[in-house]
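Have a look at the structure below before the remarks.
Residue numbers (the numbering used here): 936 to 1003.
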């Protein structure tokens, strides 16, 4: 039993939805599967950089006392 669907008889708003929906789905997939994990990784790396910068600053404050 085949479903016969004539696109010419569909209302214009349905045609617009059919045309736009795939690109919205693709954009959401890219956002959740590619961009979101990379943003999480960037946050982790930023935290590591801040930690290392704090260690550098602490070491630089100790430096004058180490000079003879």
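From the three backbone atoms N, C-alpha and C, an ideal C-beta is built for every residue, glycine too.
None of the values given here were measured: they were computed from a predicted structure.
Distance from the CA of residue 958 to the CA of residue 988, rounded to the nearest whole angstrom, comes to 42 angstroms. For residue 965, the uninterrupted alpha helix (DSSP H) segment begins and ends at 947–965.
For residue 997, the enclosing alpha helix (DSSP H) begins and ends at 971–1001.
When secondary structure is reduced to three states using DSSP, residue 968 falls in the helix class. Taking 9 angstroms as the cut-off, the Cβ atoms of residue 960 and residue 942 do not count as close. Here DSSP, grouped into helix, strand and coil, assigns residue 938 to coil.
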